[in-house]
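*Asks:* What follows is a single structure, and I will ask about it in a moment.
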């Protein structure tokens with residue numbers, strides 16, 4: 020039987036891990052009771068006297084600060100769309116209830132005052148539950164190539180959410196996914212390319228796949244991620260130790276200062292030493308086990324076990340004092 024997994028958890032490997040808890044988001048009319056509670060709060064506090072009035076003013080100020088903070092994040096999303104799930108996940112942790120979350124979103128949108136943006140976001144919030152339900156009920160064989168699996172997810176999103184809405188909500192994820200798939204293909208044919216050609220192809224992939232999301236995705240990849248990817252690409256198919264060391268030094272110099280590169284080199288030497296230590300231990304342990312099996316028949320089981328344990332302990336202390 021072929022292994023089958025939910026697309027929600029198996030769609031992407033090493034792309035974005037973007038989890039949308041869609042049950043949180045209610046329609047505006049469902050949030051009426053939450054809105055009424057917020058509206059009634061300051062008046063009720065004020066009736067408790069001067070101290071209550073000050074507390075009410077403080078509570079109102081805090082609530083306005085939350086609204087303004089969310090409005091700023093929504094403005095940032097308007098400028099650089101494509102990662103709505105991240106904003107929703109963060110907002111979820113800041114809400115006392117489902118209704119209050121939607122009330123907070125509506126208040127922030129009102130502060131922004133952009134009808135087109137408000138309409139886009141409301142359409143997404145209203146449609147996301149149906150998309151989540153469809154994702155939970157859809158399965159796909161892991162034998163399906165990753166690019167094809169992701170294409171099916173993207174098609175499902177466009178069908179339920181809309182084409183423009185899918186780009187607005189998931190554009191960054193889609194761009195990075197395409198980059199990952201293309202990078203895998205480049206890595207597979209790296210042997211036919213020179214080091215300079217490999218780096219040029221990689222940069223072309225970034226530009227073509229990331230597009231308008233380049234700034235955001237460059238931050239996601241980061242300096243360390245770019246270094247690791249370029250190093251993997253340049254070392255693919257290179258077995259000569261001197262050539263590998265030379266290429267590694269070149270990539271380090273591209274991304275790090277001389278001091279940082281020296282620290283990385285020292286770390287790599289330490290890791291290599293530790294790996295060799297483990298390999299030597301495992302090799303001697305295998306030889307010990309083979310030798311002990313020869314002696315097993317010539318002594319009582321308890322004596323053999325004690326001798327075996329003592330020799331393993333001595334071997335372990337030899338390699339890991």
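Numbering (the numbering used here), first residue to last: 20 to 340. Cβ atoms here follow ideal geometry from the backbone N, Cα and C, with glycine treated the same way.
Between 130, 243, 270 and 101, which lies nearest to residue 185 when the distance is taken from Cα to Cα?
*Replies:* 101
*Asks:* For the structure I just gave you, are there three or more beta carbon pairs, one from the segment 211-222 and one from the segment 175-191, closer than 8 Å?
*Replies:* no
*Asks:* Excluding the 5 residues preceding and the 5 following residue 238 in the sequence, name in chain order all residues of the same chain whose CB lies nearer than 7 Å to its CB.
*Replies:* Excluding residues within five positions, none has a Cβ falling inside 7 Å.
*Asks:* Over what stretch of residues does the beta strand (DSSP E) that includes residue 159 continue unbroken?
*Replies:* 158-160
*Asks:* Can you tell me which of the three DSSP states residue 79 falls into?
*Replies:* helix
*Asks:* So what does DSSP say about residue 164, is it helix, strand or coil?
*Replies:* coil
*Asks:* With a 10 Å radius around its C-beta and 16 neighbouring C-beta atoms as the bar for buried, classify residue 192 as buried or exposed.
*Replies:* buried
*Asks:* Taking the straight line between their C-alpha atoms, what separation do you get for residue 208 and residue 124?
*Replies:* 48 Å
*Asks:* Would you give the residue range spanned by the alpha helix (DSSP H) that residue 202 belongs to?
*Replies:* First-last of the alpha helix (DSSP H) with residue 202: 182-207.
*Asks:* Buried or exposed for residue 195, going by 16 or more other Cβ atoms inside 10 Å?
*Replies:* buried
*Asks:* Please state whether DSSP places residue 313 in a helix, a strand or coil.
*Replies:* Assignment of residue 313 by DSSP, reduced to helix, strand and coil, places it in the helix class.
*Asks:* Between 315, 339 and 304, which has its C-alpha nearest residue 331's C-alpha?
*Replies:* 304
*Asks:* Alpha carbon to alpha carbon, what distance is there between residue 104 and residue 279?
*Replies:* 35 Å
*Asks:* Exposed or buried, which one is residue 318 when buried takes at least 16 other CB atoms within 10 Å?
*Replies:* exposed
*Asks:* Would you tell me roughly how many angstroms separate the C-alpha atoms of residue 110 and residue 276, rounded to the nearest one?
*Replies:* 38 Å
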